[in-house]
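Here the structure comes first, spelled out in structure tokens, and everything after it is commentary.
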Amino acid sequence: MWLKPATSVVVATAIPNLVLFSVDRLDLVMYTMAGSLCALYGHNLPYARRARTVVRVVLGMLAGLAVSLVTASLTDSVAVLIAVGALLAAGQKLLCDATRIGPPGPVIFSFVSSASLFAPQRLGQVPGHLALTLGAGAVSWLVTVAGPALIRRQGPERQATARALNAAAAYAAEPGHRTRRATVTAVHAAWQTLLAAGRPTPVRRALERLVVHAEATLSAGAPIAAGGAGGPAAGTGSPAADPAVGIGSPATDPALLRAWAVRTRGRGPVPTPPAAPGTAAELFGIDAERAVLRPAAAGADRRALLRRLGPGSPLLPVAARTLVGCALAGSLSAAAGVGRPYWAIVTAASLYQANVTLSWNRTLQRTLGNLLGVLVFAAVLPVTRTGPPALIGCCLFFSFAAEALITRNYWLGSVAVTPMALLVLEYAGSHPAGELIGDRVLDTVIGAGVGFLAAVLVTNRRAAGRVESALAAAELARLHAVQTLAAPRSTRAALDAARHRLTGSLVELREADDAAAGEWWQRALPQEEVLAAEQAGHRTLAATATRQGLIAPAPENGAV
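In this note's numbering, the protein residues as written are 180 to 739.
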């Protein structure tokens, strides 16, 4: 996926930059850059949902920038600016985690709002600067939504399906708990994408058939108990293979699954594999589920968002870490003599991941990448000062390189991010190179050190509670699936809804357990219960797939 966000941000940045260059106002690039960076978001979503998501990203960027510019125009107090920057970073972290916006997460918002706090500003300039951001944000929307949708209408759905097929191929080649979890997650994501994409076109219907095959791989290798659906649902009995999917079938052929993934990701026709057992019944059920879920989806999303933001949410301690870490990093940097300590705030804000262990890894990567990035900046600075075209070209190059590298290795991406961020300051006028480099090195060291210290001091003891809640939800979902299986007249829509609910609960359980496992200073985690719940859930999923294979096929174009 790196090519699309990398290309999008280059195009979304180049258009406003060239317009400002043509009117000799490159000093305003910082404000258009805020809107251009919105082109980094939403690339894993179907276009209907991506259109709404990017609009929200632009509005969120505009809101954070407005607070920063108004604050900068009203006060010169460094302490106040640092406090506002820390509050904004914490709020942006909380909202991005709660909405699950996906990469690059809150760091872009924090970079824009923190840098704007320390830019010279008058209150009368704020509306015009916000208008520039809004205009560049509109360009980002066109680049990330309108353009790709015209060229490749089912691009996101094809990518999600290809990822599910590749995960299934990995599981078929090397069955195990890790590959099974990855396949369950990828298949769940593919169904979510297809359900959110809109009406079932012929291409989407073909993609749904491929996802059915990916699910059949799980069923083929699942530890299903003998004795019918009731046995595996209850988690008792001896392991056996799913009789609906035989060894040597397409669902168990890794090479064939990978070949389908390659063709699915490409621009040619979607592969049309032989029908897996129960394909027609499952697609009929998917149509029924789509019709039932669509009216209730908005309300369910709002309730889920409120739960993540409400009291007791495990996201609140991580937001508190961000607040404390950014405030301390900015204050210490200012005390060390840095005139505009925004990079210390950004460095601290970028460290906080789902748990302390991941935050430590990010701290090491960020520090190494930033320090090497400063050396790269020092090397290219003489070139950029030869004229505006060279400056624009270097900024576009590093924007592309950052997205191309950061998905492969975070510290490599940081090597490109650092010179890009420093070069943005050059649009407003040249600064002493030694001062820029020295301040950036000091801010990086202080931001990383103090930021991680805050992650250790502000504990997240709610992480274990999230695991317990996820365990309870997974058990309820499994029991619901068992009851649906046992009902003699269960509809296809009911079976599909039960299966998707159970899959979603297992994905949530795995995320909660992974996040809690990297925390410290908390009560013991119920690891055995988590493993047992996952195994029982997987057996029930396999039983559901088997039951659907026994249902008489319904016409695929039938009305629900």
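All residues carry an ideal CB built from backbone N, CA and C; glycine is no exception.
One alpha carbon belongs to residue 302, the other to residue 256, and they sit about 16 Å apart. DSSP, read as helix, strand or coil, puts residue 225 in coil. Here the alpha carbon of residue 620 sits roughly 20 Å from the alpha carbon of residue 295.
Counting only residues of its own chain and dropping the five nearest sequence neighbours on each side, residue 308 has a CB closer than 7 Å to the CB of 210, 248. Beyond the five residues adjoining it in sequence on each side, residue 236 comes within less than 6 Å, by CB distance, of 217, 220 in the same chain, given in chain order.
In the displayed model, residue 243 falls within a helix according to three-state DSSP. For residue 343 against residue 322, the beta-carbon gap comes to about 27 Å, at or over 8 Å, which does not count as contact.
Distances from the CA of residue 546 to each of 317, 535, 561, 522 were compared; the closest alpha carbon is that of 522.
About 10 Å separates the Cβ atoms of residue 185 and residue 595, ruling out a contact at the 8 Å cut-off. By the C-beta criterion, the region 634–652 is judged not to be in contact with the region 672–679, since fewer than 3 inter-stretch pairs fall below 8 Å. At the C-beta level, residue 530 and residue 542 come within 7 Å of one another. Residue environment: residue 239 is assigned as buried (16 or more neighbouring CB atoms within 10 Å of its CB, all protein chains considered). Contact between the region 684–701 and the region 382–390 is absent: fewer than 3 CB-CB pairs across the two stretches fall below 8 Å. Taking a cut-off of 8 Å for Cβ pairs, the region 361–375 and the region 330–349 touch, as three or more such pairs fall below it. Within 10 angstroms of the beta-carbon of residue 660 lie 16 or more other beta-carbons, which makes it buried.
By alpha-carbon distance to residue 682, the top candidate from 525, 397, 605 is 397.
With respect to residue 605, residue 554 sits apart: the two C-beta atoms are not nearer than 7 Å. Residue 227 and residue 376 do touch by the CB rule: their CB atoms are close to 7 Å apart, below 8 Å. In the displayed model, residue 556 falls within a helix according to three-state DSSP. Annotated as distal: residue 281 and residue 214, with beta-carbon spacing of 7 Å or more. With a threshold of 16 other beta carbon atoms within 10 Å, residue 611 falls short and is exposed. Its chain contains 218, 322 as the residues whose beta carbon lies nearer than 8 Å to that of residue 190, once the 5 sequence neighbours on both sides are disregarded; these appear in chain order. Shown here for residue 513: same chain residues with a beta carbon closer than 7 Å to its own, the five before and five after excluded, namely 257, 261, 520 in chain order.
With a threshold of 16 other beta carbon atoms within 10 Å, residue 450 meets it and is buried.
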